[in-house]
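Structure first, commentary second.
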Amino acid sequence: MDYAKYRELFRRDGYVVVRGFLDPRELREIRGELRRFLDEVVPSLPEAQVFFTAGAGGRLAVRQIHRMNCDPFFEAYQRHPKWLGLARTLLGESVVSRPPVYFSKPPQSDFPTPPHQDNCAFALNPPNGVEMLLAVDERFDEETGCLRYVPGSHREGPRRHVYSGVRGFALEIADFGPEDEAREVAVEMEPGDLVCHHPLTIHRARRNRSPERFRSGFSMWFRGESTQIEAAAVEDYDRSARRAQLAGR
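Note that the sequence shown covers residues 314 to 562 in my numbering.
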């Protein structure tokens, strides 16, 4: 696949959608491995690594899993050539991967994703990175809580973030308001589609209102090899994350 055509869109808008990024065979593989991980690995994970939420009928379901490289398949998957090739093309340099993350919005779960910029957590200097989110099982749409982006916001610099009280998204933009909402674009995706966004691109997602459909996504995150991580900023975020883990929703 020729990824060069996506680079200018990524630089202009701060996000880009790659339709059909995984072919049917590749999608079946990642679905199967995720189901295995959920069934066999998640029950033994510590609370700080996997978050649950109540969905339809009050049933608890997984909403987020961190550091999936604890599993041999996902440890190796961080170096998948297709993902690495796209990341290198978008960032214009060699890349370093972070451990994969699983995001899910169970049916009728009261779990909106607050508006934020990823760099409030990753603290890259310069902010040359990309998060990639793959639609896994069901369509990402307005009903299931698809991602919503503010195009071009990555060129407007970092915004001030405050504590959100949400586990997994401990900070949110302090002054996100009607002007931001008016610029938003909802990104709907079919299983196998991939959305990629810049660390400073403002994004959020609403709750999943569907009575039966899950909005499950598999995420890989890459930074340019030339970037530095500002340790003090990461520790500030980690303090908020620990607070949300203990007392957040």
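Beta carbons are placed, not taken as given, at the ideal position from N, Cα and C, and that holds for glycine.
A quick note: this is a predicted structure, and the numbers were derived from the prediction, not measured.
(request) Could you give the DSSP three-state label for residue 277: helix, strand or coil? (result) Residue 277 lies beyond the stretch modelled for the chain, which goes from 314 to 562, so this question has no answer here.
(message) Comparing C-alpha positions only, which one of 406, 458, 530 sits nearest to residue 442?
(response) 406
(request) Look at the alpha carbon of residue 472 and the alpha carbon of residue 487, and state the distance between them as a whole number of angstroms. (result) 8 Å
(request) Look at the alpha carbon of residue 424 and the alpha carbon of residue 517, and state the distance between them as a whole number of angstroms. (result) 11 Å
(message) Between residue 477 and chain D, is the shortest Cβ-Cβ distance under 8 Å, so that the two count as touching?
(response) Of the chains in the structure shown, none is chain D; there is only one protein chain.
(request) Sort 392, 375, 545 by Cα distance to residue 382 and report the nearest one. (result) 392
(request) Measure the alpha-carbon distance for residue 446 versus residue 552 and round it to whole angstroms. (result) 25 Å
(message) So, under 8 Å CB-CB, residue 514 and residue 466 are touching, yes? Tell me the CB distance rounded to an integer number of Å.
(response) 6 Å
(message) Using only the alpha-carbon positions, how far apart do residue 548 and residue 435 sit?
(response) 10 Å
(message) Does residue 366 come out as helix, strand or coil in the three-state DSSP assignment?
(response) strand
(message) For residue 489 and residue 428, what's the separation of their Cα atoms in angstroms?
(response) 7 Å
(message) Suppose the cutoff is 6 Å on Cβ atoms and the five residues either side in sequence are ignored; what does the same chain contact list for residue 302 look like?
(response) This structure gives no information on residue 302, because the portion of the chain shown stretches from 314 to 562.
(request) Using alpha carbons as the reference points, say which of 505, 525, 374 lies closest to residue 338. (result) 505
(request) Just mark residue 420 as buried or exposed, buried being the case when its beta carbon has 16 or more other beta carbons within 10 Å. (result) buried
(message) Among 416, 349, 326, whose alpha-carbon lies nearest the alpha-carbon of residue 377?
(response) 416
(request) Under 8 Å by Cβ, that's how I've got residue 528 and residue 470 pegged, so tell me the actual separation to the nearest angstrom. (result) No, residue 528 and residue 470 are not in contact; Cβ-Cβ is about 30 Å, not under 8 Å.
(message) What does the alpha-carbon distance come out to for the pair residue 535 and residue 373?
(response) 31 Å
(request) Look at the alpha carbon of residue 412 and the alpha carbon of residue 390, and state the distance between them as a whole number of angstroms. (result) 9 Å
(message) Comparing C-alpha positions only, which one of 483, 318, 451 sits nearest to residue 289?
(response) Nothing can be reported for residue 289, as the shown portion of the chain is limited to 314 through 562.
(request) With DSSP collapsed to three states, give me the class of residue 427. (result) strand
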